[in-house]
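Everything below concerns the one structure shown next.
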Amino acid sequence: MAKIYDLQNVKRVYESRTVVDIDTLEIEDGEILAIVGPSGAGKSTLLRLLNFLEYADSGLIRYKGQEVNAQLPLDFRRQVTTVFQRPALLQGSVEENVVYGLRLRGKKNGKGEVLEVITRMGLEKLRRARARTLSGGEAQRVALARAVVVRPAVLLLDEPTANLDPYNISLIEEVVREINRVQKTTIVLVTHNVFQAKRMAHRIALMLSGKIVELSRTQDFFDHPRDPRTRAFANGEMIY
Numbered sequence: 113m114a115k116i117y118d119l120q121n122v123k124r125v126y127e128s129r130t131v132v133d134i135d136t137l138e139i140e141d142g143e144i145l146a147i148v149g150p151s152g153a154g155k156s157t158l159l160r161l162l163n164f165l166e167y168a169d170s171g172l173i174r175y176k177g178q179e180v181n182a183q184l185p186l187d188f189r190r191q192v193t194t195v196f197q198r199p200a201l202l203q204g205s206v207e208e209n210v211v212y213g214l215r216l217r218g219k220k221n222g223k224g225e226v227l228e229v230i231t232r233m234g235l236e237k238l239r240r241a242r243a244r245t246l247s248g249g250e251a252q253r254v255a256l257a258r259a260v261v262v263r264p265a266v267l268l269l270d271e272p273t274a275n276l277d278p279y280n281i282s283l284i285e286e287v288v289r290e291i292n293r294v295q296k297t298t299i300v301l302v303t304h305n306v307f308q309a310k311r312m313a314h315r316i317a318l319m320l321s322g323k324i325v326e327l328s329r330t331q332d333f334f335d336h337p338r339d340p341r342t343r344a345f346a347n348g349e350m351i352y
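Numbered according to the working numbering, the sequence shown spans residues 113 to 352.
In structure tokens:
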């Protein structure tokens with residue numbers, strides 16, 4: 113399988129503290145990769161490098177063979193969308209929020225796509241509702257709809273179901289798997305929940321203190337871990 117991201121000797125430093133220190137990481141085109149690890153492991157910072165919000169202090173990141181830096185073409189940047197744990201919704205209706213991504217990309221005739229995505233997310237009865245009056249689960253579904261309506265090449269998810277009820281978790285997971293299966297969208301999922309990672313991911317990476325401790329196929333991650341810290345984390349034990 114072709115690689116969509118290639119990271120080599122990547123470091124990100126905040127005030128002399130190294131928060132990402134990755135020797136090598138290749139993300140395969142069309143896969144679901146889950147990145148797990150405790151709080152402070154550097155997972156969210158890694159996502160910010162992958163969505164071009166920040167740049168590495170040293171090392172090399174390539175996206176589709178193109179070096180990631182401030183000169184990365186806008187066309188490449190628009191291929192990657194992110195859904196954060198706390199959705200930043202705009203004032204206006206659910207439908208206006210979902211349309212926003214298309215408008216940024218100059219697409220004016222996406223009404224059918226918007227309604228299709230809204231319906232798929234179970235939001236059709238709320239499409240005229242004010243987005244900022246929604247529950248946490250509903251708001252997260254709006255954020256996901258806004259991200260996927262543009263049909264990104266890569267969808268980055270930062271704890272997208274944290275603190276949500278089982279219904280919303282199930283719906284969001286189902287939609288994400290469908291997007292990956294049907295549209296071949298590459299998914300990078302950051303989660304504390306190893307059970308969610310096991311349900312959804314083709315591969316899982318364990319991140320500790322900014323480093324990738326282990327990266328393997330999902331079944332091997334749980335059944336045949338190479339690092340004892342991986343086994344401990346998969347068993348729910350506290351690791352540092």
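Glycine residues also receive a C-beta, built at the ideal position from the N, C-alpha and C atoms.
Compare the C-alpha of ARG311 against each of THR330, ALA317, VAL325 and name the closest.
For the residues THR330, ALA317, VAL325, the minimum Cα distance to ARG311 belongs to THR330.
Can you check DSSP and say which residues form a bridge with GLN178?
TYR175.
Please state whether the Cβ-Cβ distance between LEU159 and VAL302 is less than 7 Å.
yes
Using beta-carbon positions only, say whether VAL206 and LEU269 come within less than 7 Å of one another.
no
Please report how far the alpha carbon of LYS219 lies from the alpha carbon of GLY213, in whole angstroms.
9 Å
Would you say the region 127-139 touches the region 152-172, given that touching needs at least three Cβ pairs under 8 Å?
Three or more beta-carbon pairs drawn from the region 127-139 and the region 152-172 are found closer than 8 Å, and the two stretches are therefore classed as touching.
Less than 6 Å between C-beta atoms, sequence neighbours within five positions excluded: which residues of the same chain meet that for HIS304?
Nothing meets the Cβ criterion.
Using a Cβ distance threshold of 8 Å, determine whether the region 289-301 contacts the region 236-247, with at least three qualifying pairs required.
no
Looking at the strands, I want to know which residues DSSP matches up with ILE147.
VAL302, ALA317
Take every Cβ of the region 323-342, pair it with every Cβ of the region 169-187, and state whether three or more of those distances are shorter than 8 Å.
no
Can you name the start and end residues of the alpha helix (DSSP H) that ASP335 belongs to?
DSSP places ASP335 in the uninterrupted alpha helix (DSSP H) bounded by 330-335.
Tell me which residues share the same chain as ASN209 and place their Cβ nearer than 7 Å to its Cβ, disregarding the 5 neighbours each side in the sequence.
LEU201, LEU202, ALA243, VAL254, ARG258
Thinking just about the alpha-carbon of each residue, which of ASP339, PRO278, GLN183, ILE316 is nearest to the one in GLU138?
ILE316
Starting from VAL132, trace the beta strand (DSSP E) both ways and give me its first and last residue.
Looking at the DSSP string, the run of the beta strand (DSSP E) that includes VAL132 is 129-140.
Assuming the contact rule is C-beta atoms closer than 8 Å, GLU143 and THR298 should be a hit. Round their C-beta distance to whole Å, please.
6 Å
Would you say the beta carbon of GLN120 comes nearer than 6 Å to a heavy atom of the ligand ZN?
Ligands displayed in this structure: none; no statement on the ligand ZN is therefore possible.
Please report the straight-line C-alpha distance between GLY149 and GLN197, rounded to a whole angstrom.
16 Å
Using DSSP with H/G/I as helix, E/B as strand and the rest coil, what is ASN121?
strand
Residue ranges of each beta strand (DSSP E) run of no fewer than 3 residues wholly in the region 184-229, ordered along the chain?
192-195
Note down, in chain order, each residue of its chain lying with its Cβ closer than 6 Å to the Cβ of ALA265, except the 5 sequence neighbours on either side.
GLN191
Thinking C-beta only, is LEU320 closer than 7 Å to ALA153?
yes
Are GLU225 and VAL261 touching if we call contact CB-CB under 7 Å?
yes
Compare the Cα-Cα distances from LEU267 to each of ASN347, ARG232, ASP141 and report the closest residue.
ASP141
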